[in-house]
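Have a look at the structure below, then the notes.
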Amino acid sequence: MKNVLVIGSTCVDVIIRVDHLPRTEENLHPESQRFAIGGCAYNVANILGRAGADMTFVTPVGRKGVFGPFVREALERLSFASMVDLPDAQNGCCYCFVEKTGERTFCSIHGAEYTFDPAWMAPYADRAFDYGYVCGLEVEERTGSQLVSWLETAPIGTILYAPGPRGVRVKKELTDRLFALRPMLHLNAGEAKAMSGYDDLDDALRALHARTGNTVIATMGADGVRCLEDGKLYSVVGEPAARVVDTIGAGDSHAGATLLGLSRGLSLRSSLALANRVSAAVVATDGATLSDEDFARVVMAE
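In our numbering, the protein residues as written are 14 to 315.
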């Protein structure tokens, strides 16, 4: 089994269910509100860690404020999390507005969870990793240049970089430096088009591949995945969701399941098929975390 390094955020998802997004001056009564553990890196690590992958998860957690203690208590119950203790900092949160259709809109307040310090990696100085995961949200933040500098000398075979919807806001210099590391890109179709400047998805994948020289994966929801691997374009059909509860964490879980398949020695195509099944199950779940029953059925059955 190949090993994976995941660096990044664990935050609180404040899931607020509404009929529709409010208009200016409108007064809505949400159907419900709840706290849930989330964050892009956490959602990736959760798939890998629960499946028993050889995975190292480095995530900063502040002690102050409302959200840090909630995150800390949740992570302390998990064997796969390696918390970086930041006693003088506080965590932020992600307000997830979920409409009746299941589509979500995020408003995020970033805290300690999106920062990075190379000193945090000292305990792993003697380790080499087959795969590494990093999200664009961490690169966009004030310590993003430190993260990229560390990645430039890190002993990681292949970096899976998920730019996310704010990837276009990352400084060009940092994006260029990241792309020079030949990362595997994992994004959705809209993000691929926005980052490349092309309206046609295949053209977008080719343009991004020209910049990284590596695989580009574009998720397309229920339609599956479009992938450019070794110069060849192909699709992996989607897995229909039993129902659409919300789309929180679907893309992150897809990235985590892709890395899980690769760590198990599966081909990329087979790993993407697994990821399609996992993300379909997440879409049918309230929040980003699968129940133990669904996790066993979808992930561990492979």
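All C-beta atoms, glycine included, are put in the ideal place defined by N, C-alpha and C.
Is it true that the CB of Arg30 sits closer than 7 angstroms to the CB of Glu39?
Contact annotation: Glu39 and Arg30 have beta-carbon atoms that are not nearer than 7 angstroms.
Beta-carbon within less than 7 angstroms of Leu221's beta-carbon, same chain only, minus the 5 sequence neighbours each way: which residues are those?
When the five nearest sequence neighbours on each side are left out, the beta carbons in the same chain lying within less than 7 angstroms of the beta carbon of Leu221 are those of Leu198, Ala205, Met208, Ser209 and Val229, in order along the chain.
One or two residues paired with Phe93 in a DSSP bridge:
In DSSP, Phe93 forms no bridge with anything.
Counting only the same chain and skipping the five closest in sequence on each side, list residues whose C-beta sits under 6 angstroms from that of Pro168.
Excluding residues within five positions, the ones whose Cβ falls inside 6 angstroms are Ala141.
Please classify Thr302 as buried or exposed, where buried requires at least 16 neighbouring CB atoms within 10 angstroms.
Here Thr302 is buried. Its C-beta has 16 or more other C-beta atoms within 10 Å.
By the three-class DSSP mapping on this structure, what secondary structure does His222 have?
His222 falls in the helix class under three-state DSSP.
If we call anything under 7 angstroms between Cβ atoms a contact, is Val312 one with Ala263?
The answer is no: Cβ separation not under 7 angstroms.
My understanding is that Met68 touches Phe93, with C-beta atoms under 8 angstroms, so please give their C-beta distance in whole angstroms.
The beta-carbon distance between Met68 and Phe93, rounded to whole angstroms, is 6 angstroms. This is short enough to meet the 8 angstroms contact definition.
Using the C-alpha atoms, what's the distance from Gly177 back to Asp189?
Going by the C-alpha atoms only, they are around 16 angstroms apart.
Going by DSSP, which residues form a beta bridge with Pro73?
The beta-bridge partner set that DSSP reports for Pro73 consists of Val97.
Straight-line gap, Met14 to Gly180 (C-alpha atoms, nearest Å)
Using only the alpha carbons, I get a separation of about 31 angstroms.
I need the boundaries of the beta strand (DSSP E) containing Glu153, first residue and last residue.
Bounds of any beta strand (DSSP E) do not take in Glu153; it lies within the alpha helix (DSSP H) bounded by Gly149 to Glu153.
Just the Cα atoms here: how many angstroms apart are Lys184 and Arg239?
Those two C-alpha atoms are separated by around 26 angstroms.
In three-state DSSP terms, what is Met313?
Residue state for Met313 is assigned as coil, using DSSP reduced to three classes.
From this set, Ala255, Cys107 and Ala286, which residue's C-alpha is nearest Met233's C-alpha?
Checking every option, the nearest Cα to that of Met233 belongs to Ala286.
Please report whether the beta-carbon of Leu214 lies at a distance below 7 angstroms from any beta-carbon of chain B.
The structure shown has no chain B; it contains just one protein chain.
Alpha carbon to alpha carbon, how far is Ala175 from Gly21?
Straight-line spacing of the CA atoms in Ala175 and Gly21 works out to 12 angstroms.
Once you ignore the five residues that flank Arg117 on each side, which residues in its own chain have a CB closer than 6 angstroms to its CB?
Correct list, in chain order: Cys109, Val111, Asp259, Thr260 and Ile261.
So, helix, strand or coil for Ala125, using DSSP?
Ala125 falls in the helix class under three-state DSSP.
Mind checking which residues open and close the beta strand (DSSP E) that includes Gly360?
What is shown of the chain runs 14 to 315, which leaves residue 360 out entirely.
Quick check on this structure: which residue in Asp265, Ser283, Ser280 and Leu279 has the alpha carbon closest to the alpha carbon of Ile60?
It is Asp265.
Considering Cα atoms alone, identify which of Asp212, Gly244 and Asp236 is closest to Thr225.
When only C-alpha atoms are compared, the closest one is Gly244.
For Ser292 and Gly115, what's the separation of their Cα atoms in angstroms?
Their backbone Cα atoms lie some 14 angstroms apart in a straight line.
Asp26: buried (16+ other C-beta within 10 angstroms of its C-beta) or exposed?
Buried.
Could you pull out every residue in the same chain whose Cβ sits closer than 6 angstroms to the Cβ of Ala125, ignoring the five residues on either side in sequence?
For Ala125, where only same-chain residues beyond five positions count, the Cβ hits under 6 angstroms are Pro73, Gly75, Leu99, Ala102 and Asn104.
Does DSSP classify Tyr146 as helix, strand or coil?
Three-state result, Tyr146: strand.
Give the secondary structure of His199 by DSSP, where H, G and I count as helix, E and B as strand, and everything else as coil.
In the three-state DSSP reduction, His199 falls in the strand class (E or B).
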